[in-house]
Amino acid sequence: MKNNIASRNRTAKIGQSVMFGSTLFALVALVALLLNVVNRSFGNVIVRREMEASAFSPTPLDQLSRDDLAALVKRIADSDDYEGLTRGAYRRMDLEKPFAERSKDDIIGIINERLIKEEVVTSFTMWQTVFDQAGMNAELAKLNKSLKVGSPEGRIEFRSWINSRFFTQTMGSVAENSGIRVAILGSLAVIALTMLLALPIGIGAAIYLEEYAVKSRLNDLIQTNITNLAGVPSIIYGMLGLFVFVRALESFTSGAMFGITDSNGRTVLSAGLTMSLLVLPIIIINAQEAIRAVPNSLRQASYGIGATKWETIRDHIMPAALPGIMTGTILAMSRAMGETAPMVVIGASTFIVSDPTGPFSKFTTLPIQIYTWTAQPDEQFRNIAAAAILVLLVTLLSLNMIAILLRNRFSK
Amino acid sequence: MQPQKQNSKPKEQKMLAEKASIFYGSFRAVADVTLPVYERQITAIIGPSGCGKSTLLRAFNRMNDLVQGARVDGKVLLDGEDIYGAEVDAVAVRRRVGMVFQRPNPFPKSIYDNVAYGVRLGNSRISKPELDSIVEQSLRGAALWDEVKDKLKSSGTALSGGQQQRLCIARAIAVQPDVLLMDEPCSALDPIATIKIEELMQTLKERYTIMIVTHNMQQASRASDYTVMMMMRADRAGEMIEFDETKRIFTNPRDKRTEDYVSGRFG
Ligand SMILES: Nc1ncnc2c1ncn2[C@@H]1O[C@H](COP(=O)(O)OP(=O)(O)OP(=O)(O)O)[C@@H](O)[C@H]1O
Ligand SMILES: [Mg+2]
């Protein structure tokens, strides 16, 4: 009996290596992406300062207490020796916000901005930092030659573009002083609102479709439509949001209806409404799957001892379906977090320095922020864009990881 | 087809199916069954697979309502009242006619909560001591108390199959029904667990009216007082071909097909 075993085995081997190849390719692509982002998020920079802190303070600034720093600033202003910080400037700042109330970071910021005036002249990638010492030194030499005699020289420092200031600063015209604070708060506000709207509606719809809806042509049509909606390109949702929420319902979404006058329809609320439409099909479909996976024996057990439909849903079906619903919710959240196109269309702000304070605030989101920064000519914006991408990626990957863990944990 | 009552005193009818036909959509799964269910007796339903035993059983507590398109023609009476009557609530029927299923299906909750769940539904303000005592009585009633009294807080799904099935029985009797329907309650159990359930049925019978579907002829002959024999007609509708005291069905049936079936000569 000859079964061509040899040739069948060969085919199997080929199939196996093709699939291994695909996996490898996907992995390499992912690693390349991450490396590229990391490459720009960390690396050496050439910085130049107008003066060193040691010129006016023997102890390094960050070792001084808040009160010491305030006193130091006062002393500098009173001495009349520094152009950057005159008595007049001090008085103006003190009027704006008394120094007694300013934080340590705030005061250090003022000293940096007015006196030290640190500036990143050139930034290098991680790769250059590690492998191209000669090139960096050449750049530095070139810079120092071009400086006026007597002014402080530039120097090479290592910089992580992801640092605490990056998270706490708002946008600025200089990359080193720009941060993602407003964008992160904007993203969080939009996601919170999205979930607030989409979760109850989505879960409600899933329960209706799975437990109440009888099989009819209308319900089949609804089901098909929901499935199709999940595949609609996100920019279409953006258009819908623009026409309906931003324009047609402007008096509502801008808050004019509630007495807010300084805003247009491009608010957190419009974004949240648009995003909830976008993630609704995802939530419904995942919740439906989770509810469908609840074994029928559980329903029978509940009905069998005389529970009503609602009691059965509340006490048995929902608890059993919860992990699956949460998985879907997390996936929807990560989708809402990463979406850019609809946000561009409904007009998220590209430059905004104030935190969102409520549903009627203007806002920006992390992807929009990244997009804006990558379009800037200044090279250091490329670095903070990479840093922001890294933050976004890490957030998204951890969200997806949680979703996978939940799924594995509860589907033994 | 009334049973002959030569040696037993007449029994009260707890339930009665009158010319009951059960449909799934346009398919008639059970045709024209007229069947009395006697109080505090065990009635077994036997017959080949697919002849409509489960369908008939579920018609006695309206579990078929959960299947879309299912419908019952004719009447099913409980204490003389038609449970399919317009003003009757299926939930109320199921509180009086409990059910135990083929596969043990405890809730993924603690043993205590499994039993207490149905009681709490009916009486959400019940006091803790009162509930405790109902749980204990029900577990004792299901001959499970001694095995679980030290671990009432542990999960009901962590018990053995036989224990789970007795937990399901405890859960059913906790809401104090009149009738217990059991659909092949032992088919997922080993022989020893099966015997335990059968013994339990004999004690339960003192308080409850029991109907049981079984494929196990010994079980039907050992454990039941009355037996219903069902068969599939040519149009695939199930019909009741004989109903009598169990003794008679297994020793001297009137229908040749019953004789063939109970003696294992049938398909
Ligand atoms: N939910 C349902 N929808 C449609 N048809 C059904 C449904 N449940 C059962 N049937 C049909 O009704 C008939 C009787 O089924 P039923 O389950 O009552 O048989 P049974 O005697 O209990 O069989 P078994 O001994 O295998 O459990 C079968 O033809 C079956 O296909
Ligand atoms: Mg059956």
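Taken in order, these protein sequences are the chains called A and B. First residue of the first sequence: 14, per the working numbering; consecutive thereafter. First residue of the second sequence: 312, per the working numbering; consecutive thereafter. Think of the CB as a built atom: it goes at the ideal place given N, C-alpha and C, for glycine as much as any other residue.
Taken atom to atom, the span from the alpha-carbon of S247 of chain A to that of V257 of chain A is near 15 angstroms.
Residues of the stretch 221 to 240 of chain A with a C-beta atom less than 9 angstroms from some C-beta of chain B are V227, K228, listed in chain order.
Contacts between P419 of chain B and chain A, judged by CB atoms closer than 9 angstroms, involve L311, H329, P332, A333 in chain order. Per DSSP, reduced to three states, the secondary structure at A154 of chain A is helical. Within the stretch 520 to 531 of chain B, no residue places its CB atom closer than 8 angstroms to a CB of chain A. Against G396 of chain B, chain A offers no close residue; the least beta-carbon distance is about 17 angstroms (beta-carbon pairs closer than 7 angstroms). From the listed residues A:V281, A:I397, A:I326, A:Q313, the smallest Cα separation to P355 of chain A is found for A:V281. Scanning the stretch 42 to 115 of chain A from its first residue to its last, the whole alpha helix (DSSP H) runs of 4-plus residues come out as 79 to 92, 100 to 109. Here P502 of chain B is exposed, its C-beta having fewer than 16 other C-beta atoms within 10 Å.
Contact check between the stretch 407 to 421 of chain A and the stretch 349 to 360 of chain B: fewer than three CB pairs, one atom from each, fall below 8 angstroms, which does not count as touching.
Taking a beta-carbon distance threshold of 8 angstroms, A314 of chain A counts as an interface residue toward chain B.
Ranking A:V143, A:N396, A:T340, A:R395 by CA distance to the CA of R420 of chain A puts A:T340 first. DSSP places I503 of chain B in the helix class (H, G or I) of the three-state scheme. When the five nearest sequence neighbours on each side are left out, the beta carbons in the same chain lying within less than 8 angstroms of the beta carbon of V404 of chain B are those of N372, R373, L389, I394, in order along the chain. Within the stretch 335 to 369 of chain A, contact with chain B at the beta-carbon level (separation under 7 angstroms) is assigned to no residue. By the Cβ neighbour-count rule, P111 of chain A is exposed, with fewer than 16 other Cβ atoms within 10 Å of its own. Check the Cα spacing between L286 of chain A and each of A:T266, A:R305, A:L153, A:I402: the tightest is with A:T266. Residues of the stretch 373 to 404 of chain A with a Cβ closer than 7 angstroms to any Cβ of chain B: none. Contact between Y537 of chain B and E553 of chain B does not hold, since the beta-carbon distance rounds to 11 angstroms and is not under 8 angstroms. Classified as buried, G278 of chain A has 16 or more neighbouring CB atoms from the shown chains inside 10 Å of its CB. D536 of chain B sits in coil when the DSSP states are folded into three classes, being neither helix nor strand.
Counting C-beta pairs with one atom in each stretch, the stretch 179 to 191 of chain A and the stretch 396 to 411 of chain A have three or more that are closer than 8 angstroms, which means they touch.
Remark: the shortest separation between the CB of S365 of chain B and any heavy atom of ligand 2 falls under 7 angstroms.
Using a Cβ-Cβ cut-off of 8 angstroms, I304 of chain A does not count as an interface residue toward chain B, since no Cβ of chain B sits closer than that to its own. Remark: the C-beta of D494 of chain B is in contact range of ligand 2, defined as less than 7 angstroms to any heavy atom. Looking from the CA of S471 of chain B, the closest CA among B:I484, B:D461, B:K464, B:L455 belongs to B:L455.
As for any beta strand (DSSP E) of minimum length 3 sitting wholly inside the stretch 123 to 153 of chain A, the runs are 132 to 136, ordered along the chain. With its beta carbon at least 8 angstroms from every one in chain B, T142 of chain A lies outside the interface. Remark: C-beta atoms of E223 of chain A and Q313 of chain A do not approach each other more closely than 8 angstroms. Shown here, P165 of chain A sits in coil according to DSSP, grouped into three states, outside any helix or strand. A distance below 6 angstroms between beta-carbons, with the five flanking residues on each side excluded, links I239 of chain A to the following residues of its chain, in chain order: P294, I297. Annotated three-state conformation of V358 of chain A is helix, per DSSP. Under DSSP, the beta-bridge partners assigned to G549 of chain B are B:V341, B:M543. The C-beta of N22 of chain A has fewer than 16 other C-beta atoms within 10 Å across all chains shown, which makes the residue exposed. K330 of chain B is not a Cβ neighbour of G409 of chain B, given a cutoff of 8 angstroms.
Listed in chain order, the alpha helix (DSSP H) elements of length 4 or more contained wholly in the stretch 451 to 518 of chain B are 456 to 459, 472 to 485, 502 to 515.
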